[in-house]
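S.K.: The structure is given below, and queries will be raised subsequently.
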Amino acid sequence: MTLDRKLYLLAFLITSFLLASLFAIGAVFNTRRESRINSMVDEAYGNLRDMQTFMLMTDVYGTEMGCLAAQSKLQQLDQSIWDLGVRIDRYRVATEEFQRDPFYLDQKKVFNENEFLYLLLVSQLKRNCAQNSSVVLFFYRDSHTCPKCDDQSFVLSDIKRDAEDQVLIFSFDMDLGLTTLNLLAEYYGLDAYPCLVIGEQRHCGMQDREFIVQQLCASDPAAGFC
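If you count the sequence shown from 1, position 122 lands on 113 in my numbering, and the numbers rise without skipping.
Laid out in structure tokens, this is it:
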């Protein structure tokens, strides 16, 4: 075997080894990401079950007891739900062909279903317990169908970072085809994406930070960030 052929063979073997190593490392990282997301899912849904229990306490012990317990848990639940949503989105960005990834799709569906349940609990808290966090509903689709949806997400993340628990943001993926989300879209008459609902008012199309804060303050002038 000539020297050139030996060098080509060696280069091929090294390249093959490196590619195999990259695939193996990618598989390990994917497994770790999935494990971390599963752990966060368990934590978030545990908090969600606690909230349901606390709201049911109002039927047994009265509104004051149920509200006291539920409001003490709300901030923790909001943070865990928000962190989980961010983590799932990072998994989406880091995983090739995520739209066909069964793990991502399953977690995204369960996350959206439980986020809707969380919205119902918050609505009940606002009605029965004078809970005063501002609520934003964010309806979006994938970036190919909705080029501005990612931009809108960044604006909302910036507002959430500054306002923290004073603003509760519920992000709903309309590409999942979930019945609950389709009913919400029909109820609010969504006709374009991205679309926000603030103070029960619909605002479809890309909205900047200033406009969103103005709408939040109009719906709740006493909010601390106004």
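Note that CB positions come from ideal geometry on N, CA and C, so glycine has one too.
Please state the DSSP three-state secondary structure of serine 125.
M.R.: strand
S.K.: Within 10 Å of its beta-carbon, does proline 185 have 16 or more other beta-carbons around it, so buried, or fewer, so exposed?
M.R.: buried
S.K.: If we ignore side chains and look at the alpha-carbon of each, how far apart do tyrosine 95 and aspartate 153 end up?
M.R.: 28 Å
S.K.: How about lysine 248 and leucine 167: are their beta carbons less than 9 Å apart?
M.R.: No answer is possible for residue 248: the residues shown for the chain start at -8 and end at 217.
S.K.: Quick test of your reading: valine 146 and valine 126, contact by CB under 8 Å. State the CB separation rounded to the nearest angstrom.
M.R.: With 8 Å as the limit, valine 146 and valine 126 do not qualify as a contact, their Cβ atoms being about 16 Å apart.
S.K.: Apart from the five residues on each side of it in sequence, which residues of its chain come closer than 7 Å, Cβ to Cβ, to leucine 110?
M.R.: Phe161
S.K.: Locate the alpha helix (DSSP H) running through aspartate 142, then write down its first and last residues.
M.R.: 140 to 154
S.K.: Can you give me the C-alpha to C-alpha distance between asparagine 173 and phenylalanine 102, rounded to a whole angstrom?
M.R.: 16 Å
S.K.: May I ask you to verify whether the region 194 to 202 touches the region 135 to 150, counting CB pairs closer than 8 Å and requiring at least 3?
M.R.: yes
S.K.: Our contact map puts glycine 190 next to alanine 209 with C-beta atoms below 8 Å; I'd like the distance itself, whole angstroms only.
M.R.: 7 Å
S.K.: Taking the beta carbon of glutamine 206 as the centre, do at least 16 other beta carbons fall within 10 Å, making it buried, or is it exposed?
M.R.: buried
S.K.: Indicate whether at least one CB of chain D lies closer than 9 Å to the CB of phenylalanine 102.
M.R.: Chain labels in this structure do not include chain D; a single protein chain is all it has.
S.K.: How would you write the range of the beta strand (DSSP E) that leucine 159 sits in, first residue to last?
M.R.: 158 to 164
S.K.: Could you work out which residue in Cys58, Leu159 and Tyr131 is closest to alanine 214 when comparing CA atoms only?
M.R.: The option with the nearest alpha carbon to alanine 214 is Leu159.
S.K.: Which residues mark the beginning and the end of the beta strand (DSSP E) in which leucine 187 is found?
M.R.: Start and end: 186 to 189.
S.K.: Name the residue from Asp156, Asp182, Gln115 and Tyr178 whose alpha carbon lies nearest to the alpha carbon of tyrosine 131.
M.R.: Asp182
S.K.: Output the boundary residues of the alpha helix (DSSP H) element that contains glutamine 205.
M.R.: 200 to 210
S.K.: Please confirm whether phenylalanine 129 and leucine 175 have their CB atoms less than 9 Å apart.
M.R.: No, they are not a contact pair.
S.K.: Taking DSSP as the reference, what is the three-state secondary structure of cysteine 195?
M.R.: strand
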